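Contents: one structure, followed by commentary.
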């Protein structure tokens with residue numbers, strides 16, 4: 001009875017389709033393109049079962065990207081290894097500029113077989129959810145900064161300079177409330193900018209509170225608390241680090 005072979009499976013993923021290539025084990029093993037499948041759980045399940053019926057060991061990989069970790073988790077749940085690859089660390093051949101789905105899938109399969117790919121850490125769904133919340137708060141911070149900058153630029157264009165030492169204080173808010181422009185349209189612009197800032201501040205406050213509440217019951221809460229014990233490390237700094245990096249003991 002012929003022994004089933006090991007194959008390395010390269011998946012080039014997009015929102016709707018997955019291009020599939022396989023590399024047979026061994027330096028001289030065949031590398032071939034299998035085609036495209038729909039990017040749906042059912043299509044992936046059928047692909048995995050079809051390959052598993054023909055080969056002894058399946059080693060999947062795909063590039064990290066906007067499609068997230070769902071594919072990795074599904075393949076792992078089906079009992080097979082699936083690495084998510086850091087795109088910036090994929091070796092490039094000199095002069096290789098044209099990218100196609102077929103070529104990318106073949107490249108992934110070939111490099112995975114050669115052991116030349118660097119996998120990233122895949123968080124569990126709970127950890128990923130906390131990371132998403134932390135990133136939403138960071139986006140809210142950036143949104144607030146941009147809205148404040150819009151108002152500052154508007155005021156500067158019209159020669160309105162805050163005489164105090166520090167903006168975005170109560171004194172600064174009172175000064176903004178007392179400003180009057182020559183044209184009613186400019187007063188309207190000022191009100192809209194101020195309202196946008198107030199809304200952004202409220203959103204940031206909500207997300208900050210939600211982060212604190214979620215972390216209290218998070219499995220990584222003891223790790224967050226340990227980092228907070230370090231001088232100068234506040235809650236949000238510790239949460240952000242742990243959410244992005246995970247448990248540093250995996251680097252041991």
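In the UniProt record's numbering, the protein residues as written are 1 to 252. Glycine residues also receive a C-beta, built at the ideal position from the N, C-alpha and C atoms. If you're wondering where the values come from, they're calculated on a predicted model, not measured in any experiment.
Three-way DSSP call (helix, strand, coil) for residue i in this model
i	result
residue 8	strand
residue 38	strand
residue 79	coil
residue 85	strand
residue 14	coil
residue 239	helix
residue 64	coil
residue 182	coil
residue 229	coil
residue 245	helix
residue 234	coil
residue 251	helix
residue 57	strand
residue 31	strand
residue 222	helix
residue 164	coil
residue 90	coil
residue 215	helix
residue 175	helix
Member of the options whose CA lies at the smallest distance from the CA of residue i
i	options	result
residue 168	237, 181 and 147	147
residue 4	57, 238 and 184	57
residue 155	103, 176, 230 and 19	176
residue 205	241, 133, 157 and 74	133
residue 242	127, 161, 144 and 137	127
residue 249	6, 220 and 157	220
residue 63	50, 74, 88 and 75	88
residue 60	98, 13, 40 and 99	13
residue 41	27, 31 and 69	69
residue 28	218, 114 and 244	114
residue 161	145, 170, 67 and 179	179
residue 143	129, 193 and 182	193
Proximity of residue i and residue j at Cβ, strictly below 8 Å
i	j	result
residue 131	residue 125	no
residue 120	residue 77	no
residue 224	residue 238	yes
residue 71	residue 48	no
residue 200	residue 105	no
residue 151	residue 90	no
residue 36	residue 53	no
residue 211	residue 236	yes
residue 102	residue 8	no
residue 268	residue 164	Residue 268 is absent from the structure shown; the chain starts at 1 and stops at 252.
residue 51	residue 83	no
residue 137	residue 207	yes
residue 6	residue 39	no
residue 67	residue 99	no
Start-to-end residues for the beta strand (DSSP E) that takes in residue i
i	result
residue 23	17–24
Endpoints, alpha helix (DSSP H) assigned at residue i
i	result
residue 126	125–157
residue 117	No alpha helix (DSSP H) holds residue 117; DSSP gives it neither H nor E.
Near the ligand ZN: residue i beta-carbon under 7 Å from a heavy atom
i	result
residue 36	The ligand ZN is absent from the structure shown, which contains no ligands of any kind.
The segment 110–120 / the segment 23–33 touching (three or more Cβ pairs under 8 Å): yes
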